[in-house]
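Residue numbering for the sequence shown follows this note's numbering, beginning at 1 and increasing consecutively.
Positions of the beta carbon are idealized from the N, C-alpha and C atoms, including for glycine.
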Amino acid sequence: MNWFDLTVGILLLIAFIHGYRKGLIMQVVGLATLVLAAIFGGRLAGTILPEINRLIDLSPQAARVLSFILAFAAIAIALSLVGRILQRFIGIIFLSLINRLLGAVIATGTMMVFLSIILNLALMLDHNGQLINKKTKEESFFFNRVEAVIPAIVPYLQPQLWEEIIPEKYREEIEKKSEPIDSAYPQLHFNI
């Protein structure tokens, strides 16, 4: 276990406790906010990017990361406000144990998605391995697991960003898994 695992473990524990306190409904709203902001943030980032390039002199990588962060934040804030309004209408006062446990599980998953977004954005800027060195990556229990979450979600929804952002090793793995099942299905199930 190294510093990366310790940090991720603590953040996941905090998310679990927070989710337990808030319950399922608010955690589902939080997860939906995070996923929708990640999905549509890429589309909105493409609109914001030319303005960032016009206003600020940044490297292309830094400008892409900044445009995604701004788009993500704008969408997340808007959806969070909608979630808070929804929570007030629902007005759940008593949270059962099942609701709390499901909230904790959803909060932990949400934290994994969030950490994956942050890690993948950081890795886009860290070409020399100065932020997270190779030894830390290899010895870490959580590194590959956290890194793989967003590439598994986003590529199907954002094909224009697929080759720019998603690491090559994940693109190849996901493309293999997403081959049409028509060719393998008869062989596996009918011995053809």
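When you compare only the Cα positions, how much space is there between VAL105 and ARG64? 32 Å
What residue from LEU55, LYS22, GLY30 and SER67 has the CA that sits closest to VAL82's CA? GLY30
Who are the near neighbours of LEU70 in its chain, counting only those whose CB is closer than 7 Å to its CB and skipping five residues on each side? ILE48
Buried versus exposed, by CB contacts within 10 Å (16 or more), ASN128: exposed
Three-state secondary structure (DSSP) of GLY23: coil
What is the residue span of the alpha helix (DSSP H) that ASN99 lies within? 97–125
Beta carbon of SER67 nearer than 7 Å to that of THR33: no
With 16 other Cβ atoms within 10 Å as the buried cut-off, status of LEU24: buried
My output table needs one value for ASP57: the three-state DSSP class, helix, strand or coil. coil
Within this structure, are the beta carbons of MET111 and LEU11 separated by less than 7 Å? yes
6 Å Cβ shell around SER96 - same chain, five flanking residues per side excluded: none
Quick check on GLY19: buried or exposed, where buried means 16 or more other Cβ atoms within 10 Å of its Cβ? buried
Best match in THR7, ILE75 and PHE142 for proximity to VAL35 [C-alpha to C-alpha]: ILE75
Report, in whole angstroms, the separation of the C-beta atoms of ALA15 and THR108, which I expect to be a contact under 8 Å. 5 Å
Distance check for GLN130 and VAL8, CA to CA, integer angstroms please. 19 Å
When the distance is taken between beta carbons, is GLU138 closer than 7 Å to ASN196? Nothing about residue 196 can be read from this structure; the chain reaches only from 1 to 192.
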